[in-house]
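Single-structure report; data block below.
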Amino acid sequence: MLIQKINFILTKIFLLIFEPTRVGYFKYLFFKNVQKTGEGVKITGKIKVINNAGLTVGGNVYFGEDVEMRCHGGVIIGNDVIIEDDCRIISSYPVVRNNYDPTFISELPGSIIIGDNVLIGKGSIIRSEVEIPSNTVIPPYSFIGTPADLSRTTATAQNFHGAKRQEYDRVSVIEKYEEFPDEVVFVFSTGRSGSNAIETLANKNPRINAFHEPFYAQIKILAFNYSAGFISEEEAKNNLIKIYLSAPISQRKKIYLESDQKLVPFIKIISSLFPKAKFIWLIRSPGSFLKSAKARGWFLNDYPTVLNNQVLITPEMMSDACRLTGDFTDEFTKEEWLSLSHDDKILWYWFYWNKLIEHQLRSVSNKKYLLKLEDINTNAKSFFEFVSNEFNSDWKPEVTNKVKKKHQKKYSSVTNNKVNYYDLEKLKDYYSSLDENIFSLERINE
Numbered sequence: 001m002l003i004q005k006i007n008f009i010l011t012k013i014f015l016l017i018f019e020p021t022r023v024g025y026f027k028y029l030f031f032k033n034v035q036k037t038g039e040g041v042k043i044t045g046k047i048k049v050i051n052n053a054g055l056t057v058g059g060n061v062y063f064g065e066d067v068e069m070r071c072h073g074g075v076i077i078g079n080d081v082i083i084e085d086d087c088r089i090i091s092s093y094p095v096v097r098n099n100y101d102p103t104f105i106s107e108l109p110g111s112i113i114i115g116d117n118v119l120i121g122k123g124s125i126i127r128s129e130v131e132i133p134s135n136t137v138i139p140p141y142s143f144i145g146t147p148a149d150l151s152r153t154t155a156t157a158q159n160f161h162g163a164k165r166q167e168y169d170r171v172s173v174i175e176k177y178e179e180f181p182d183e184v185v186f187v188f189s190t191g192r193s194g195s196n197a198i199e200t201l202a203n204k205n206p207r208i209n210a211f212h213e214p215f216y217a218q219i220k221i222l223a224f225n226y227s228a229g230f231i232s233e234e235e236a237k238n239n240l241i242k243i244y245l246s247a248p249i250s251q252r253k254k255i256y257l258e259s260d261q262k263l264v265p266f267i268k269i270i271s272s273l274f275p276k277a278k279f280i281w282l283i284r285s286p287g288s289f290l291k292s293a294k295a296r297g298w299f300l301n302d303y304p305t306v307l308n309n310q311v312l313i314t315p316e317m318m319s320d321a322c323r324l325t326g327d328f329t330d331e332f333t334k335e336e337w338l339s340l341s342h343d344d345k346i347l348w349y350w351f352y353w354n355k356l357i358e359h360q361l362r363s364v365s366n367k368k369y370l371l372k373l374e375d376i377n378t379n380a381k382s383f384f385e386f387v388s389n390e391f392n393s394d395w396k397p398e399v400t401n402k403v404k405k406k407h408q409k410k411y412s413s414v415t416n417n418k419v420n421y422y423d424l425e426k427l428k429d430y431y432s433s434l435d436e437n438i439f440s441l442e443r444i445n446e
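Note that UniProt numbering has the sequence shown beginning at 1, numbered continuously upward.
Written as structure tokens, this is what we have:
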């Protein structure tokens with residue numbers, strides 16, 4: 001009996017000394033790796049996040065001990081959410097194929113959206129393709145998986161934290177999601193064009209709340225499936241509505257700026273959802289883009305894997321798995337696409353994606369602004385005046401063309417090969433022809 005008491009006391013002393021350090025370690029890892037969080041997120045113990053970029057967390061969210069989240073298919077957690085001990089949130093399923101290789105696993109993604117004021121009980125498992133409505137309580141040790149219909153008639157719903165019941169209506173982002181900011185700006189580009197730098201620049205203005213790829217997994221997967229013709233415009237619109245209805249990181253009193261290259265196929269849809277939004281076309285010269293994309297291995301070993309008209313993901317290469325190739329458009333057959341050189345594939349993407357931006361921007365009435373990455377230093381003033389109608393001389397862009405140390409070897413080894421299909425000089429001419437009058441002039445389709 002005495003020995004048990006001594007062990008109990010020693011355990012308490014050990015926890016008092018070392019537990020804060022242990023929790024602090026997991027807090028450090030979480031906030032270091034998960035960039036899209038609201039205020040008041042509380043980590044109380046061990047927490048494991050796989051594919052950090054796929055996780056978006058709102059404000060006042062509580063995570064219990066030993067919580068694991070696999071975010072390959074995208075996980076959005078709203079405001080005022082409690083996730084108790086030993087919970088698992090898994091947004092994709094492993095897929096076994098005929099050429100199954102245990103060292104290279106594809107997964108079928110399924111977005112998970114958790115509304116505001118939700119309690120997920122201890123030991124619960126939430127699987128792919130699930131939406132948990134606001135003001136819902138999931139009892140301890142529940143399993144919520146596909147297919148799941150968590151309406152108020154089938155799930156236990158309670159009010160807590162003083163929350164009022166809200167209608168879970170997906171009809172209109174603007175009318176129903178009253179917390180979304182009045183001022184919204186979207187930045188469209190090809191990627192490898194400064195979309196991350198724009199977030200950094202915009203956030204120098206305290207009135208702007210800027211994010212780079214805040215819904216990383218959901219938008220990448222949705223963009224491929226829509227661009228390849230696997231889902232209809234109406235389905236794409238409904239998915240975007242669900243994402244922005246659940247957006248927990250926007251602050252109503254600030255300008256919301258989102259930079260994500262994979263939003264490009266949805267420009268017309270976004271215009272219908274946000275008719276007052278401002279649109280920015282961010283573009284980089286084709287030669288610089290070619291070198292950057294080639295150094296990062298674009299179109300090297302990243303041919304998409306599709307199952308039943310849905311792109312699969314490979315956890316080790318999330319971006320590569322969802323990159324659109326020419327044969328999933330109406331421009332090439334698979335054989336023609338595979339016969340192109342590495343440089344040709346990259347330049348095709350640059351031209352296809354930028355023309356997609358131009359054609360769609362011409363058809364919408366939103367305010368538009370063209371920004372060339374090479375001119376970002378001289379055009380910072382006009383950028384801020386377009387976004388926020390103000391400028392401070394302290395809001396200067398950081399160096400955008402400096403290669404990070406870990407990538408320097410890749411960039412220094414890049415050489416441009418002979419381009420057989422696309423004439424790089426003609427693409428450079430197209431790039432040079434773009435100026436601030438682009439949207440006021442009638443251009444000939446090229």
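Here a beta-carbon is modelled for each residue, glycine too, at the ideal position from N, C-alpha and C.
Taking the alpha helix (DSSP H) that residue i falls in, what are its first and last residues?
i	result
Thr200	Ser195 to Ala202
Lys237	Glu233 to Leu245
Leu427	Leu424 to Ser433
Glu385	Ala380 to Ser388
Lys220	Tyr216 to Ser227
Residue j and residue i - do their beta-carbons sit closer together than 9 Å?
i	j	result
Pro286	Lys381	no
Ser259	Ile198	yes
Glu65	Gly45	yes
Tyr256	Phe188	no
Arg70	Ser106	no
Val264	Ala223	yes
Pro275	Ser365	yes
Ile83	Val67	yes
Val306	Ala228	yes
Tyr303	Thr329	no
Gln218	Ile243	yes
Gln310	Asn225	yes
Gly59	Val34	no
Lys62	Val81	The residue you asked about is not Lys; residue 62 is Tyr in the sequence shown. Yes.
Ser288	Glu374	yes
Val95	Leu290	no
Trp348	Leu340	yes
Helix, strand or coil for residue i per DSSP?
i	result
Arg192	coil
Thr153	With a pLDDT of only 35 at Thr153, under the threshold of 50, the placement of this residue in the model should not be trusted; the figure read from the coordinates follows. Here Thr153 sits in coil by DSSP.
Arg207	coil
Tyr369	strand
Lys278	strand
Ser339	helix
Ser272	helix
Pro109	strand
Lys334	helix
Val184	strand
Glu436	coil
Thr21	helix
residue 508	What the structure shows of the chain is the stretch from 1 to 446, and residue 508 is not part of that stretch, so it cannot be assessed.
Phe230	coil
Lys42	strand
Which residues bound the beta strand (DSSP E) around residue i?
i	result
Tyr93	Ser92 to Val95
Arg70	Val67 to Arg70
Pro286	Careful: Pro286 lies outside any beta strand (DSSP E), inside the alpha helix (DSSP H) at Pro286 to Ala295.
Val130	Val130 to Ile132
Ile376	Note, Ile376: premise wrong, no beta strand (DSSP E); not H, not E.
Glu258	Ile255 to Ser259
Lys48	Ile47 to Ile50
Thr56	Leu55 to Val57
Can you tell me the Cα-Cα spacing of residue i and residue j, whole angstroms?
i	j	result
Tyr168	Lys36	Legend: pLDDT at Tyr168 = 34, less than 50; position of this residue unreliable, value from coordinates given subsequently. About 23 Å.
Gln4	Gly123	29 Å
Ile114	Ala236	19 Å
Ile249	Leu324	28 Å
Ser246	Gly78	6 Å
Phe384	Gly110	37 Å
Ala293	Ile47	34 Å
Glu234	Arg22	47 Å
Lys27	Cys87	17 Å
Lys367	Phe439	10 Å
Ala321	Lys426	30 Å
Phe230	Ser363	24 Å
Asn354	Ile267	12 Å
Asp423	Asp182	43 Å
Gln251	Phe386	20 Å
Lys253	Asn377	28 Å
Asn437	Asn389	19 Å
Quick one: any contact between the stretch 180-193 and the stretch 275-291, if contact means 3 or more CB pairs under 8 Å?
Counting Cβ pairs under 8 Å, three or more are found: they touch.
Does the stretch 292-303 come close enough to the stretch 206-222 to have 3 or more Cβ pairs within less than 8 Å?
Between the stretch 292-303 and the stretch 206-222, the count of C-beta pairs closer than 8 Å stays below three; the two stretches do not touch.
Sufficient close CB pairs (3 or more, under 8 Å) joining the stretch 135-143 to the stretch 108-121:
Segments in contact, yes.
Are the stretch 71-83 and the stretch 42-57 in contact at 8 Å, needing three or more beta carbon pairs?
Cβ pair count under 8 Å is three or more, so yes.
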